[in-house]
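As structure tokens, the structure follows; a few thoughts come after it.
Number of protein chains: 2
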Amino acid sequence: MTRILYTLSGRDHERPFSPHVWKVVMALAHKRLDFVERPTAFTAIPALENGFSKTVPILRDGEVLVADSFEIALYLEQAYPDGPTLFGGEGGKALSRFVERFSQSTIHPAVTAIAISDIHDMLADEDQRYFRRSREALLGRTLEEMRTGREAAIAAFAPKLEPLRQMLRYQPYLGGEAPLFADYILFGALQWMRITAGADVFKPGDAVSDWFERCLDLHQGLGRRVTAA
Amino acid sequence: MTRILYTLSGRDHERPFSPHVWKVVMALAHKRLDFVERPTAFTAIPALENGFSKTVPILRDGEVLVADSFEIALYLEQAYPDGPTLFGGEGGKALSRFVERFSQSTIHPAVTAIAISDIHDMLADEDQRYFRRSREALLGRTLEEMRTGREAAIAAFAPKLEPLRQMLRYQPYLGGEAPLFADYILFGALQWMRITAGADVFKPGDAVSDWFERCLDLHQGLGRRVTAA
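Sequence lines, in order, name chains E and X.
Read in order, the letters of the first sequence correspond to residues 1 to 229 in full-length UniProt numbering.
Read in order, the letters of the second sequence correspond to residues 1 to 229 in full-length UniProt numbering.
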């Protein structure tokens with residue numbers, strides 16, 4: 001039985017950048033589960049698995065199909081209870097949702113403000129047209145207008161991670177002494193920024209930067225194998 | 001054996017407002033533990049229990065003395081494992097620290113910006129002098145200058161809770177189907193604002209407001225027994 005992970009891909013299959021896919025790639029490695037990656041263009045996603053989901057990641061695990069990074073993590077925790085835990089219990093599951101919504105509401109817009117034109121440039125031609133149209137409608141600005149705000153967005157980035165920075169005074173990971181899925185949630189957002197824009201958003205010695213570097217080293221340097229932009 | 005909780009008090013002992021004390025009051029009720037409250041003025045705290053801590057809450061539980069709201073919650077979880085859990089496991093403990101630092105770094109400054117002159121006015125005379133001197137040094141502005149920014153601070157408040165608002169699409173409490181200590185962390189911050197400033201910070205129908213109202217009803221309406229300012 002081959003486990004298949006459908007992932008988002010730009011022009012270069014070797015530079016996967018989706019934050020949601022990175023969360024799941026790290027979760028699968030955490031559970032020590034093998035899988036085959038199926039890089040997919042934005043515009044090809046709706047046709048996957050008979051239209052199962054409009055977004056990736058999608059995991060096919062034998063007869064089981066699961067979409068959405070958080071749902072996939074919950075599935076892995078339930079289906080593979082003998083592997084290292086992704087949540088550390090029911091409280092950890094519930095509070096990981098808060099971390100996810102912090103990441104989505106605070107960090108994702110901050111990454112978008114820095115990286116959106118870089119993301120566009122990494123896409124295949126047919127995806128670029130879809131991406132420009134959908135993102136410009138969503139943001140109410142052209143990609144070129146977003147580009148002019150890039151330096152200000154870089155300067156505004158690090159302060160948004162102040163809750164994580166303060167937490168790191170107490171423990172090396174969101175999960176405590178070792179990482180949990182909550183770490184992969186915020187890692188996914190920063191890895192997305194690193195691979196697409198590669199902006200230097202942290203001052204030297206920033207505890208958040210040190211935590212991110214530790215995450216890049218996890219699972220035999222799985223995150224680091226894709227170089228920064 | 002009487003369990004003693006040293007709490008912060010202004011002029012009126014019936015209107016305790018400290019966010020950190022509220023976290024612990026809710027945690028003790030959650031664990032179904034009785035206690036006697038010892039309301040203490042700011043300037044009297046350093047003399048408590050032979051100078052055990054510069055801040056309240058301080059819990060005396062028989063021979064055990066614990067200061068700091070998070071440390072007290074950890075102590076209660078370990079000392080009273082048969083009561084309802086405050087963390088829901090090790091993952092919940094670790095991630096509650098992230099919620100605490102989100103509350104301290106994002107919500108506490110937002111409450112301070114609204115309520116600081118109200119807090120000052122609730123204090124006993126000797127505490128008012130201490131409070132003005134220490135807070136004006138910390139914030140680099142007079143209390144009167146802070147007061148002029150109050151309306152803007154009220155308008156800016158609700159958006160800062162967007163991670164919680166989005167999380168509430170998935171579950172009724174940070175703890176999931178039922179509250180955990182993480183709920184009491186953010187409840188403490190909002191209860192502090194409610195009792196000191198009583199500002200209408202939420203639009204009708206805001207999910208965060210609904211969650212706060214649910215928290216006020218917990219433990220036989222423990223939070224609601226102190227009226228809003």
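All residues carry an ideal CB built from backbone N, CA and C; glycine is no exception.
Since we're looking at a predicted model, the values are computed, not measured.
Report back the beta-carbon spacing between residue i and residue j to the nearest angstrom; my notes put them in contact at under 8 Å.
| i | j | result |
| --- | --- | --- |
| residue 2 of chain X | residue 16 of chain X | With 8 Å as the limit, residue 2 of chain X and residue 16 of chain X do not qualify as a contact, their Cβ atoms being about 19 Å apart. |
| residue 105 of chain E | residue 163 of chain X | 5 Å |
| residue 154 of chain X | residue 94 of chain X | The Cβ separation is near 34 Å, so there is no contact. |
| residue 86 of chain E | residue 30 of chain E | 6 Å |
| residue 118 of chain X | residue 42 of chain X | Between residue 42 of chain X and residue 118 of chain X the Cβ distance is about 15 Å, and since that is not below 8 Å, they are no contact. |
| residue 174 of chain X | residue 98 of chain E | 6 Å |
| residue 212 of chain X | residue 187 of chain X | 7 Å |
| residue 229 of chain E | residue 196 of chain E | 6 Å |
| residue 207 of chain X | residue 111 of chain X | Residue 207 of chain X to residue 111 of chain X, Cβ: 19 Å. No contact. |
| residue 27 of chain E | residue 58 of chain E | About 14 Å separates the two Cβ atoms, so there is no contact after all. |
Given a cut-off of 9 Å on the beta-carbon distance, is the pair residue i and residue j in contact?
| i | j | result |
| --- | --- | --- |
| residue 102 of chain E | residue 120 of chain E | no |
| residue 38 of chain E | residue 124 of chain E | no |
| residue 149 of chain E | residue 92 of chain X | no |
| residue 56 of chain E | residue 18 of chain E | yes |
| residue 70 of chain X | residue 100 of chain X | yes |
| residue 191 of chain X | residue 22 of chain X | yes |
| residue 180 of chain E | residue 210 of chain E | no |
| residue 176 of chain X | residue 77 of chain E | no |
| residue 116 of chain X | residue 143 of chain X | yes |
| residue 5 of chain X | residue 25 of chain X | yes |
| residue 139 of chain X | residue 83 of chain X | no |
| residue 79 of chain X | residue 61 of chain X | yes |
| residue 216 of chain X | residue 223 of chain X | yes |
| residue 172 of chain E | residue 214 of chain E | yes |
If you follow the alpha helix (DSSP H) that residue i is in, where does it begin and where does it stop?
| i | result |
| --- | --- |
| residue 99 of chain X | 90-102 |
| residue 129 of chain E | 125-139 |
| residue 214 of chain E | 207-221 |
| residue 107 of chain E | Run containing residue 107 of chain E: none; DSSP gives neither H nor E here. |
What is the residue span of the beta strand (DSSP E) that residue i lies within?
| i | result |
| --- | --- |
| residue 2 of chain E | Run containing residue 2 of chain E: none; DSSP gives neither H nor E here. |
Please specify which runs of the beta strand (DSSP E), each continuous and at least 3 residues long, are wholly inside the stretch 149-189 of chain X, giving them in chain order. none
Ordered list of alpha helix (DSSP H) runs contained in the UniProt domain "GST N-terminal" (8-84) of chain E, each at least 4 residues: 19-30, 69-79
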